[in-house]
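Worksheet: one structure, shown below.
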Amino acid sequence: MNIAHIEPFIDSTVGLFRDMFKIESEYLTPYLLNRDSPYEWDISGIIGISGDSRGVVVISFEAAFATEITAGLVGRKVGIDDPDVIDVIGELVNIVAGNAKKGLEEFRLSISLPSIVKGFNHRISWPSNAPIIGIPFKTASGKFHLSVGLENIITPF
Amino acid sequence: MRILIVDDSRIMRNIVKNALLQSTRFAHATCLDASDGAEALRLIKASRIDLLLLDWNMPMMNGLELVKHLRAIEEYARLPIIMVTSEAAKYSVIEAVKAGVNDYIIKPVSERSLLEKINRLGLQGARA
Chain A
0 MNIAHIEPFI DSTVGLFRDM FKIESEYLTP YLLNRDSPYE WDISGIIGIS GDSRGVVVIS
60 FEAAFATEIT AGLVGRKVGI DDPDVIDVIG ELVNIVAGNA KKGLEEFRLS ISLPSIVKGF
120 NHRISWPSNA PIIGIPFKTA SGKFHLSVGL ENIITPF
Chain B
0 MRILIVDDSR IMRNIVKNAL LQSTRFAHAT CLDASDGAEA LRLIKASRID LLLLDWNMPM
60 MNGLELVKHL RAIEEYARLP IIMVTSEAAK YSVIEAVKAG VNDYIIKPVS ERSLLEKINR
120 LGLQGARA
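Chains as they are written, first to last, in numbering that gives the first Met the number 0: chain A, 0 to 156; chain B, 0 to 127.
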């Protein structure tokens, strides 16, 4: 797997959790995501990429972890339907994608505004023009998942 | 001192606002906020703003469009503007500086870098 262009996304994710939440995260082995497999997460933040490549960046959480990191920022308990959770997950995927552009400066990329999808095992309409690489992360507080697809930039082999 | 914080994330606006109000220098500043460039423009035209802290990626009118709009108006040509954004590529920084921002902060925002960048602008009346 050609992971050279995945590293900026991994680096920005690890840095984001360390700087914003004081949480150390560890990434597990990246894999080629099967579009038809169940996507067993409760909430996802999605950003579209355009410019020299087209693609998508998705960060997905279990409800408990999403509400925990949101509560840490807003200073109160929140439920998964709280608008602040949507706000936080949207901002997280925005920062992951925006920061990753620093490591992909040879490409001129634009990022969209984030969208949020909720509900266990929600479906994401993955773009068909690029393989999607899944990157699981674990932390002491919970786990989350990053998915990245960038046409002609990230290739599975 | 009147500071306008513009970001489509309410939580990010609050993070920036709290960092300012918890600092010695800006504890008495008046912080206004807007969730997009168009709303910010209305506030800027309606009242005096001494410093604009501006996100880039927002609906309606994004931060870069607002900077270009403001710099084309003589009254706002010198309004101090710091872009606070996730856009970390060098070409983004260059584009923002060319459009007229005074400085640039890459999210996630640290209180220290935020205050350092504002202090570097040498704004007067920070305790007003």
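Glycine included, every Cβ here is placed at the ideal spot set by N, Cα and C.
Quick one: which chain B residues come within Cβ less than 7 Å of K101 (chain A)? A87 and A88
What first and last residue would you give for the beta strand (DSSP E) that runs through F143 (chain A)? K142 to L149
Check whether the stretch 27-40 of chain B and the stretch 6-19 of chain B touch, using three or more Cβ-Cβ pairs below 8 Å as the test. yes
What number of angstroms, rounded off, separates the C-alpha of S140 (chain A) from the C-alpha of F60 (chain A)? Their backbone Cα atoms lie some 12 Å apart in a straight line.
Which residues, in order along the stretch 44-69 of chain A, keep a beta-carbon less than 7 Å from a beta-carbon of chain B? none
Go ahead and pull the three-state DSSP assignment for G50 (chain A). strand
Using three-state DSSP, classify R126 (chain B) as helix, strand or coil. Because the pLDDT at R126 (chain B) is just 47, under 50, the model does not fix this residue reliably, and the point stays unresolved.
Going by CA-CA distance only, name the one from A:M19, A:S24 and A:H144 that's closest to Y38 (chain A). A:H144
Measure the CB-CB distance between M60 (chain B) and A37 (chain B) and report whether it falls below 7 Å. The Cβ atoms of M60 (chain B) and A37 (chain B) sit closer than 7 Å to each other.
Strictly by DSSP, which residues pair up with K117 (chain A)? A:I42
Ignore the nearest five residues each way along the sequence and tell me which others in R70 (chain B)'s own chain have a CB closer than 8 Å to its CB. A76, A98 and G99
Going along the chain, which residues of its own chain have a beta-carbon closer than 7 Å to the beta-carbon of I222 (chain A), five neighbours each way excluded? Missing from the structure shown is residue 222 (chain A); chain A here goes from 0 to 156 and no further.
For a quick check, are the C-beta atoms of G44 (chain A) and I110 (chain A) less than 7 Å apart? no
What does T29 (chain B) pair with, by DSSP beta-bridge criteria? Bridge partners of T29 (chain B): B:R1.
Candidates B:L78, B:E64 and B:D54, of which the one nearest K106 (chain B) by Cα: B:D54
Terminal residues of the continuous beta strand (DSSP E) containing F8 (chain A)? Membership of F8 (chain A) in any beta strand (DSSP E) is not indicated; the residue belongs instead to the alpha helix (DSSP H) covering E6 to F20.
Residues within the stretch 8-22 of chain A neighbouring chain B, beta-carbon criterion of under 7 Å: L15, D18 and M19
What separation, rounded to the nearest whole angstrom, lies between the Cα atoms of N128 (chain A) and N17 (chain B)? 43 Å
Given that a residue counts as buried once 16 or more other Cβ atoms are within 10 Å of its Cβ, and exposed if not, what is E115 (chain B)? exposed
Taking the beta strand (DSSP E) that G133 (chain A) falls in, what are its first and last residues? I132 to T138
If you follow the beta strand (DSSP E) that L91 (chain A) is part of, which residue opens it and which one closes it? First-last for L91 (chain A): P82 to A99, but that is the alpha helix (DSSP H), not the beta strand (DSSP E).
How long is the line joining the alpha carbons of I43 (chain B) and A3 (chain A), rounded to whole angstroms? Near 44 Å, if we compare the C-alpha coordinates of A3 (chain A) and I43 (chain B).
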